[in-house]
Amino acid sequence: MWMIPGQNQSWVSEFILLGFSSDPTTNSILFTVFLLIYLSSVMGNGLIIMLICMDTQLHTPMYFFLCILSLLDVCYVTTTMPQMLVHLLAKSQTISFVGCWLQMYVFGALATTESTFFVVMAYDRYVAICYPLHYTVILNWGLCIWLAAGTWICGFFFSLLHTFFTMSLPYCGSNRVSHYFCDSPSVRSLACMDTHVIEMVDRVLSVFLVVTPVSLIVTSYILIAKAILKIKSTQASCKAFSTCASHLTVVTFFYGPASYIYMKPNSSYSPERDKKISLFYNAFTALLNPVVYSLRNKDIKRAFLKVMGHGSMD
Numbered sequence: 241m242w243m244i245p246g247q248n249q250s251w252v253s254e255f256i257l258l259g260f261s262s263d264p265t266t267n268s269i270l271f272t273v274f275l276l277i278y279l280s281s282v283m284g285n286g287l288i289i290m291l292i293c294m295d296t297q298l299h300t301p302m303y304f305f306l307c308i309l310s311l312l313d314v315c316y317v318t319t320t321m322p323q324m325l326v327h328l329l330a331k332s333q334t335i336s337f338v339g340c341w342l343q344m345y346v347f348g349a350l351a352t353t354e355s356t357f358f359v360v361m362a363y364d365r366y367v368a369i370c371y372p373l374h375y376t377v378i379l380n381w382g383l384c385i386w387l388a389a390g391t392w393i394c395g396f397f398f399s400l401l402h403t404f405f406t407m408s409l410p411y412c413g414s415n416r417v418s419h420y421f422c423d424s425p426s427v428r429s430l431a432c433m434d435t436h437v438i439e440m441v442d443r444v445l446s447v448f449l450v451v452t453p454v455s456l457i458v459t460s461y462i463l464i465a466k467a468i469l470k471i472k473s474t475q476a477s478c479k480a481f482s483t484c485a486s487h488l489t490v491v492t493f494f495y496g497p498a499s500y501i502y503m504k505p506n507s508s509y510s511p512e513r514d515k516k517i518s519l520f521y522n523a524f525t526a527l528l529n530p531v532v533y534s535l536r537n538k539d540i541k542r543a544f545l546k547v548m549g550h551g552s553m554d
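Heads up: take any position in the sequence shown, counting from 1, add 240, and you land on our numbering.
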């Protein structure tokens with residue numbers, strides 16, 4: 241805290257992230273668990289990025305998008321997990337006001353980018369299954385790069401609005417954030433003014449950034465399902481469905497918890513429940529992606545065997 245000259249009111253210059261527990265033994269156990277999750281996420285997604293970059297047979301739009309998703313997940317989980325790990329062992333759990341602002345902005349930007357990027361991946365599957373003969377013509381490399389860049393630009397732009405609405409509020413009371421990172425609803429609850437209008441604007445942004453992508457993804461898969469049902473070959477239809485199953489699994493684990501956190505009524509806000517649920521779309525989704533895509537993907541397995549010396553790279 242620091243004092244404004246001539247006033248009796250103190251203003252927050254740093255926040256205290258309460259995390260999950262204040263018990264040292266519990267924190268030691270949590271540190272081990274979350275460290276394993278973080279390392280597995282980084283190494284798993286890093287492996288996918290390396291394999292796709294090294295194997296020329298994986299230089300296709302689908303694997304280009306998968307590579308971008310893995311990069312997003314590495315950045316996404318690194319925004320929150322390392323600091324949480326330090327706070328689990330350190331005596332101080334403070335984060336500066338600027339540090340909190342930056343963490344909230346980068347986390348929101350990456351989350352929004354990933355949210356919109358799932359739409360791009362759904363479009364990729366739609367073109368591949370509904371227009372297989374024109375796949376490489378429609379999804380040429382120029383369009384792929386523009387789609388990927390567009391999601392990043394949208395993510396960092398909308399996150400700037402989202403973060404600005406929260407961090408421009410006056411914070412002059414408690415600075416104890418009941419979360420393991422600077423999450424917007426948790427920080428905003430500490431503001432010493434009526435936040436109803438800002439919460440409404442923030443809710444509109446959140447609904448737009450969740451409902452719009454989900455609607456586009458659902459539409460894509462309805463069209464995909466219709467195309468699959470027209471395939472006479474059972475083997476071909478199963479293969480087409482398999483290419484979509486991995487994407488649908490990851491999308492469900494990401495949008496489910498995120499929708500609950502950012503679209504629920506303010507009256508149902510529960511710090512303890514929310515920070516546990518946020519682990520699903522923050523930590524576990526990043527861990528799930530490489531598991532889902534590597535175990536279900538023959539091309540990734542083949543590329544891995546080549547790297548391990550059981551074949552030659554193209």
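All C-beta atoms in this analysis are idealised placements derived from N, C-alpha and C, irrespective of residue type, glycine included.
In this structure, the alpha-carbon of Ile-438 lies about 6 Å from that of Phe-405.
Note on Lys-515: 16 or more other CB atoms within 10 angstroms of its CB, so buried under the neighbour-count rule. With respect to the 8 Å criterion, Tyr-533 and Ile-308 are not classified as neighbours on the basis of their beta carbons. Between Thr-352 and Gly-395 the beta-carbon gap is near 4 Å, inside 8 Å, which marks them as a contact.
At a Cβ-Cβ threshold of 8 Å, Asp-263 and Ala-526 do not count as neighbours.
Annotation for Val-454: Tyr-495 place their beta carbon closer than 7 Å to its own, counting only its chain and skipping 5 residues before and after.
Under the DSSP definition of a beta bridge, Thr-334 partners with Ile-256. Cα atoms of Glu-512 and Leu-409: separation of roughly 23 Å, rounded to the nearest angstrom. Looking at the DSSP output, Arg-416 shares a beta bridge with Ile-256.
Sixteen is the threshold: since fewer than 16 other Cβ atoms of the shown chains lie within 10 Å of the Cβ of Pro-322, the residue is exposed. For Asn-380 and Thr-296, the gap between their C-alpha atoms comes out near 16 Å. In this chain, the alpha helix (DSSP H) harbouring Phe-448 covers 436 to 469.
The C-beta separation of Phe-305 from Val-360 comes to about 6 Å, placing the pair in contact by the 8 Å criterion.
Excluding sequence positions up to five before and after Leu-328, its CB lies within less than 6 Å of the CB of Asn-267, Leu-270 and Phe-271, all in the same chain and listed in chain order. The shortest C-alpha to C-alpha distance from Ile-457 to any of Ser-310, Leu-291 and Arg-365 is the one to Arg-365. Separation of Leu-488 and Ser-429 (C-alpha to C-alpha, rounded to the nearest whole angstrom) is 33 Å.
According to the DSSP assignment, Phe-524 belongs to no alpha helix (DSSP H), since it is labelled neither H nor E. For Thr-403, the secondary structure class from DSSP, reduced to helix, strand or coil, is helix. Inter-residue distance for Tyr-303 and Ile-292 is about 7 Å (C-alpha atoms, whole angstroms). Straight-line spacing of the CA atoms in Val-547 and Ser-399 works out to 38 Å. Listed in chain order, the non-local C-beta contacts of Asp-442 below 6 Å within the same chain comprise Phe-405, local neighbours out to five positions each way being set aside. Judged by DSSP secondary structure, Lys-472 falls outside any alpha helix (DSSP H); it is assigned neither H nor E.
Annotation: Lys-472 to Ile-462 spans about 18 Å, alpha carbon to alpha carbon. In this structure, the straight-line span from the alpha carbon of Thr-474 to that of Ile-468 is close to 10 Å.
Our two residues, Pro-425 and Tyr-500, have alpha carbons roughly 12 Å apart in a direct line. Val-317 sits close to Asn-522, with the two beta carbons spaced by under 8 Å. By the neighbour-count criterion, in which 16 or more other beta carbons inside 10 Å mark a residue as buried, Val-447 falls on the exposed side.
Going by beta carbons, Asn-415 and Val-252 fall inside the 8 Å limit.
CA-to-CA, the gap between Lys-541 and Ile-277 works out to about 22 Å.
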